[in-house]
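Asks: Here's a structure for you.
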Amino acid sequence: DYLELTLRPVQGGGKDVAAKNEIRESIRVLFSDRECFTLVQPLNNESQLQRLDQIPLDKLRPEFTSWLDALTRFMFERTRPKQLGATVMNGPMLASITQSFLDALNHGAVPTITSS
Numbered sequence: 001d002y003l004e005l006t007l008r009p010v011q012g013g014g015k016d017v018a019a020k021n022e023i024r025e026s027i028r029v030l031f032s033d034r035e036c037f038t039l040v041q042p043l044n045n046e047s048q049l050q051r052l053d054q055i056p057l058d059k060l061r062p063e064f065t066s067w068l069d070a071l072t073r074f075m076f077e078r079t080r081p082k083q084l085g086a087t088v089m090n091g092p093m094l095a096s097i098t099q100s101f102l103d104a105l106n107h108g109a110v111p112t113i114t115s116s
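Following the UniProt record's numbering, the numbering of the sequence shown begins with 1 at its first residue and continues without gaps.
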């Protein structure tokens, strides 16, 4: 599967390659039980993509919404509420911590995730 192949280590030396491989290894280890979903672009029109947050769901490509529905079902069937210590995380809390992980990854860092 393509998405699994992208988690394999890349060949070469240097700090950039080492950082990429460290991130890939972290994802493989922390998310050993994973499913990967490939979503097509939600819209074909580039200008509409720029304002995607303003487009109603029924105007998105059927191929996108079909896979999005499958992903949503999967998430609700296979996940349980996440906790930070004794606190059950709500949507905004989970979004905030996820954003901080993504920011770290996008800046070449490997975030510390103690439990998935």
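Where a beta carbon is used, it is the ideal one built from N, C-alpha and C, also for glycine.
Alpha carbons only, please: which of L30, P9 and L57 is nearest the one belonging to P42?
Replies: Comparing Cα-Cα distances from P42 to each of L30, P9 and L57, the minimum goes to L57.
Asks: Report, in whole angstroms, the separation of the C-beta atoms of F101 and L71, which I expect to be a contact under 8 angstroms.
Replies: Not really, about 19 angstroms apart at Cβ, beyond 8 angstroms.
Asks: Identify, in the order they occur along the chain, each residue of the same chain with its Cβ nearer than 8 angstroms to the Cβ of E22, setting aside the five sequence neighbours on each side.
Replies: Excluding sequence neighbours, E22 sits near V110.
Asks: How many Å lie between S116 and T98 at the Cα?
Replies: Residue placement at S116 is poorly supported in this model, since its pLDDT is 45, which falls under 50; the coordinates still yield a value, given next. Going from the Cα of S116 to the Cα of T98 covers about 11 angstroms.
Asks: Beta-carbon of L52 versus every beta-carbon of chain B: anything under 8 angstroms?
Replies: Looking at the structure shown, chain B is missing, and only one protein chain is on hand.
Asks: Given this structure, state the Cα-to-Cα distance separating Q48 from I55, to the nearest angstrom.
Replies: Spanning the two alpha carbons is a distance of roughly 8 angstroms.
Asks: Between the beta-carbon of D27 and the beta-carbon of L7, is there less than 8 angstroms?
Replies: A small fix is needed here, since residue 27 is Ile in this sequence, not Asp. For I27 and L7, yes; Cβs fall inside 8 angstroms.
Asks: What residue does the alpha helix (DSSP H) around P92 start on, and which one ends it?
Replies: G91 to N106 is the extent of the alpha helix (DSSP H) around P92.
Asks: Pick helix, strand or coil for Q50, following the three-state DSSP scheme.
Replies: Here Q50 sits in coil by DSSP.
Asks: Using beta-carbon positions only, say whether N45 and R61 come within less than 8 angstroms of one another.
Replies: The answer is no: Cβ separation not under 8 angstroms.
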